[in-house]
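Data first, discussion second: the structure below is written as structure tokens.
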């Protein structure tokens, strides 16, 4: 994913411009990567390494969403609404 796209996501979801570690930013970046990998796999259905990467990213996003839901339900609901999950 392009660095400019990552910076755009950080500006939208981060608490400050260098915020790469907050749950919201990590989930938003993973969501964008999942979308890109899904498009790639539609064109190349036998790319099993990318398919495995997609499954791992989905699992990581699910873990982060569960964590955020436990810690702050309001931030969780807001993020889910913004990302349309």
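Residue numbers (this note's numbering): 9 to 93.
C-beta atoms are modelled at their ideal positions from N, C-alpha and C, and glycine is treated no differently.
Bear in mind that the values here come from a model prediction, so they are computed numbers and not experimental data.
- Here residue 60 is exposed, its C-beta having fewer than 16 other C-beta atoms within 10 Å.
- Apart from the 5 residues on each side of it in sequence, residue 18 sits with its Cβ closer than 7 Å to the Cβ of 25, 27, 28 and 33 in its chain, given in chain order.
- Contact annotation, residue 91 with residue 31: C-beta distance approximately 12 Å; criterion of less than 8 Å not satisfied.
- Here residue 69 is buried. Its C-beta has 16 or more other C-beta atoms within 10 Å.
- With respect to residue 65, residue 40 sits apart: the two C-beta atoms are not nearer than 7 Å.
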